[in-house]
Each structure stands twice: as C-alpha cells, then as structure tokens.
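Working notes, beginning with the structure itself.
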Amino acid sequence: MAAPDPAAAAGTLDDLAGLGVVVDVDVDVDDVWIREGATLALPDVLAVLRLCAGGRLRCSEKTKRPAATAVGLVSEVLRGGDFYDGDPIAAYAWPLLLQAGGLAEVAGSRLQLTAKGRAASTAPPERTIRTLWTRWISHAVIDEMSRVEEIKGQRSARALTAAGPRRRAVGQALAACPPGRWLRLDDLFAVMYRSKPGFSVARDPWKLYLVDAEYASLGYAGFGEWPIIEGRYTLAVLFEYAGTLGLFDLAYGDAEGARDDFRDNWGADDIDALSRYDGLVAIRLNRLGTYVFGLEPAYTPEVLDGDLDDANSGTGGSPGAQNGHRSDGGGAGGPGRGAGPPHRLRGRRDRDADRP
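With the working numbering applied, the sequence shown corresponds to residues 3 to 358, in that order.
Here's what the structure looks like:
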C-alpha cells in the first residue's frame with residue numbers, strides 16, 4: 003500500500019494538539035491528511051470530461067472498467083492528484099462514474115462523451131456531480147465490493163447479495179451524516195450497525211474467505227463481523243465514489259496497519275490492510291454534499307476563514323461528531339499539485355510516544 007501523496011491533500015492543518023483542539027483520532031496511523039472534497043472535485047469533473055472528449059480513455063466494453071493507461075491519464079489531470087500515490091482510487095472511479103451517469107459510453111474500447119456528457123462540459127459542475135451521485139446509487143456499473151480484493155470468493159454463485167439495495171442503504175446513511183462536523187468512521191459504523199432494517203453484503207459468508215477457502219472462510223464465528231464485510235463495502239462506496247465526487251472532506255492516512263479488526267482471522271498475518279480504504283479516519287459532510295443529498299436547494303461554497311475551532315460537539319446525539327473549520331490558508335481553489343506538504347494530524351502512535 004502506498005502512503006498518502008502530500009500533493010493529494012487539499013487542505014493543511016497544524017498539529018491539533020499544538021492548536022489546543024481536542025480531536026481524538028484513535029487509529030494506528032503516523033500521518034493523517036485532510037482533503038477538502040469540493041475544492042478538488044468541482045474542477046476535476048470538468049477536467050475528466052475534457053479528457054474523455056479527446057478519446058484517449060480506454061475501458062473494457064464487457065466490464066466497463068478503465069484500462070491501466072486510462073487510470074494513469076485521469077490521474078494526471080486531477081487537480082490535487084489521487085488520494086494515494088501509486089494506488090488509484092479517484093482516477094479509477096471517474097471513468098465508471100461518467101458511464102453510470104450517462105455522460106460517457108464505451109465504443110470500440112474507447113470512452114466517448116454522450117450528448118449529455120457534452121452538455122455537462124459547459125454546465126455548472128455541482129449539478130453534474132449531483133447527477134453522477136444520483137445515478138451511481140441507482141445505476142452503478144460495478145459492485146464496489148469487488149474493489150476489496152483481499153476478500154476472496156466474491157464471484158462464487160450466490161456469495162453476495164444484490165448490490166443495489168445495499169448501495170442505497172449506504173447512500174441513505176451518508177446523507178444522514180451531520181453537515182459541517184467531523185464524524186469518526188467508527189462512529190458512523192456504529193450508527194449503521196444499529197440501524198434497522200440494515201443491510202447485508204454476504205448472502206453466504208462461507209463462500210467468502212481470506213487467503214484460504216477452507217481455513218479462512220468468513221463463515222466461521224467472529225471471522226465475518228460487520229466491520230469486516232459490510233464495513234469494508236461501506237468504505238468502498240464512501241471513499242472511492244462519495245469521496246471522489248467531493249461530497250465529504252476526508253481525514254485519512256496510510257491504509258497499512260490502520261485497522262486491526264481482521265487480525266484474528268486465520269491467514270491475516272501477511273495482509274497489511276484488508277482494503278485500500280482502511281486509512282480513512284473521519285469524514286465531514288460539506289456544502290457540496292448537502293446540496294447533492296438534497297439538504298440544500300443550491301450549492302454555496304464554503305468560506306475558507308483560516309482558523310480552526312474546537313470541534314467537540316457533545317450534543318445532538320450524533321456519536322463522535324466533531325466540528326471544525328479549514329486552516330489551509332489557501333485560495334478558494336485550495337492548493338493543488340506543487341503545493342507545500344500538508345501538516346499532519348497526530349495519530350495514536352504519536353500520542354503513545356509522548357506518554358512517560
């Protein structure tokens with residue numbers, strides 16, 4: 003797993019302890035980067051549409067998935083780069099999102115704009131992003147679970163439930179996040195786990211496994227718990243699609259060793275991370291997200307005021323929700339490639355080292 007690329011982070015935060023801000027990020031990561039979603043996604047969608055218009059993006063006619071060359075080309079036009087250096091997430095998602103949104107289609111192995119796509123090239127980008135999210139929830143061209151490659155056996159007959167209902171369930175949970183406040187990922191998981199009727203990813207967990215189908219099946223007691231299966235599916239939808247579209251500001255670090263919920267599974271010793279999304283720490287529903295989710299009638303960009311307030315919420319019943327303002331000190335577009343590296347949010351290993 004590659005470490006976060008400093009150029010990919012759109013915001014910068016000073017060490018929070020130094021600012022006197024109490025934000026308990028209890029994950030095992032050395033560095034947590036803050037990426038402000040809207041400031042990157044709005045120019046990115048236009049850049050990818052222009053790239054697609056040039057006819058250079060190759061995708062499989064059968065699977066709809068982008069070729070490695072297409073992923074590389076998309077990565078080059080993203081304003082802040084991808085989330086990680088060397089492990090594409092946004093660059094992989096954009097060609098799929100355009101197809102799901104009806105803005106592009108594969109013709110002779112090349113992705114080309116449709117009439118809707120050409121119109122979107124000159125339309126307000128926030129409207130295009132709203133269309134892409136709505137269409138992804140209803141017409142996604144892949145099952146996001148397939149991107150969690152460490153969980154094997156997914157292609158076995160009747161191993162997984164239908165993707166549509168569980169995708170809608172995740173979308174509803176994301177739309178219910180508190181606007182403008184940081185929410186720890188594990189608190190989001192706790193709310194989703196308790197919600198009824200909930201959703202399931204595995205139709206038959208015995209067909210899913212890590213490393214070995216006999217000894218490492220997720221059907222064994224304790225091996226296929228909610229965070230391992232449903233949680234990783236939620237991460238894929240949230241990080242790769244909602245995150246790429248900029249609906250949330252994201253706090254994330256290196257995926258390797260960030261989550262240990264699968265460590266007791268047979269065969270997990272040689273797995274650094276169960277998914278490429280394991281480094282996600284916390285999310286903040288931004289104004290683009292509230293517009294896309296229909297919580298606001300129009301999109302109004304956030305004001306970058308350069309300071310950071312104490313983020314403890316303590317009210318409203320949203321577990322672990324945290325408030326915060328940006329401190330990137332940049333212009334309205336946020337720093338892109340070539341910007342100075344973001345300061346890092348201290349992780350658990352830092353705090354442990356400070357203890358006597």
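For every residue, glycine included, the Cβ atom is placed at its ideal position computed from N, Cα and C.
Would a C-beta distance cut-off of 9 Å place residue i and residue j closer than the cut-off?
{"i": "Arg37", "j": "Gly245", "result": "yes"}
{"i": "Leu59", "j": "Val47", "result": "no"}
{"i": "Met147", "j": "Leu162", "result": "yes"}
{"i": "Ile230", "j": "Asn267", "result": "yes"}
{"i": "Ala238", "j": "Gly155", "result": "no"}
{"i": "Asp206", "j": "Arg160", "result": "yes"}
{"i": "Leu99", "j": "Leu113", "result": "no"}
{"i": "Thr71", "j": "Ile144", "result": "no"}
{"i": "Phe264", "j": "Trp228", "result": "no"}
{"i": "Leu80", "j": "Ala102", "result": "no"}
{"i": "Gly104", "j": "Arg129", "result": "no"}
{"i": "Glu242", "j": "Ala92", "result": "yes"}
{"i": "Pro127", "j": "Ala43", "result": "yes"}
{"i": "Ala165", "j": "Ala142", "result": "yes"}
{"i": "Val34", "j": "Ala253", "result": "yes"}
{"i": "Arg149", "j": "Tyr94", "result": "yes"}
Need the endpoints of the beta strand (DSSP E) that residue i sits in, please.
{"i": "Ala106", "result": "Ala106 to Ala109"}
{"i": "Asp33", "result": "Asp33 to Arg37"}
{"i": "Arg183", "result": "Arg183 to Arg186"}
Starting from residue i, trace the alpha helix (DSSP H) in both directions and tell me its first and last residue.
{"i": "Arg129", "result": "Pro127 to His141"}
{"i": "Val172", "result": "Ala165 to Ala177"}
{"i": "Gln114", "result": "Looking at the DSSP string, Gln114 is not in any alpha helix (DSSP H); the run it does join, the beta strand (DSSP E), is Arg112 to Leu115."}
{"i": "Trp96", "result": "Ala92 to Ala102"}
{"i": "Gly74", "result": "Ala70 to Val79"}
{"i": "Leu290", "result": "Arg289 to Val294"}
Give the C-beta separation of residue i and residue j to the nearest angstrom, bearing in mind that I take them to be a contact with Cβ-Cβ under 8 Å.
{"i": "Gly259", "j": "Val283", "result": "Not really, about 13 Å apart at Cβ, beyond 8 Å."}
{"i": "Val213", "j": "Gly248", "result": "With 8 Å as the limit, Val213 and Gly248 do not qualify as a contact, their Cβ atoms being about 36 Å apart."}
{"i": "Ala40", "j": "Arg286", "result": "The pair is not a contact, with the Cβ atoms about 11 Å apart (cut-off 8 Å)."}
{"i": "Leu176", "j": "Leu240", "result": "6 Å"}
{"i": "Ala257", "j": "Gly291", "result": "Their Cβ separation, rounded to whole angstroms, is 23 Å, which puts Ala257 and Gly291 out of contact at 8 Å."}
{"i": "Ala69", "j": "Cys61", "result": "6 Å"}
{"i": "Gly224", "j": "Leu210", "result": "The Cβ separation is near 14 Å, so there is no contact."}
{"i": "Leu187", "j": "Ser123", "result": "The Cβ separation is near 34 Å, so there is no contact."}
Segment contact flag, the region 267-285 with the region 118-136, C-beta cutoff 8 Å, min 3 pairs: no
Segment contact, 8 Å Cβ cut-off, at least three pairs: the region 105-114 with the region 77-95: no
Segment contact, 8 Å Cβ cut-off, at least three pairs: the region 281-299 with the region 199-209: no
Whole beta strand (DSSP E) elements within the region 244-282, 3-residue minimum: 250-254
Inter-stretch contact (C-beta, 8 Å, three-pair minimum) for the region 164-172 and the region 214-230: Contact between the region 164-172 and the region 214-230 is absent: fewer than three C-beta pairs spanning the two stretches fall below 8 Å.
Within the region 176-235, ranges of the alpha helix (DSSP H) (whole runs, at least 4 residues): 187-196, all fully within the region 176-235.
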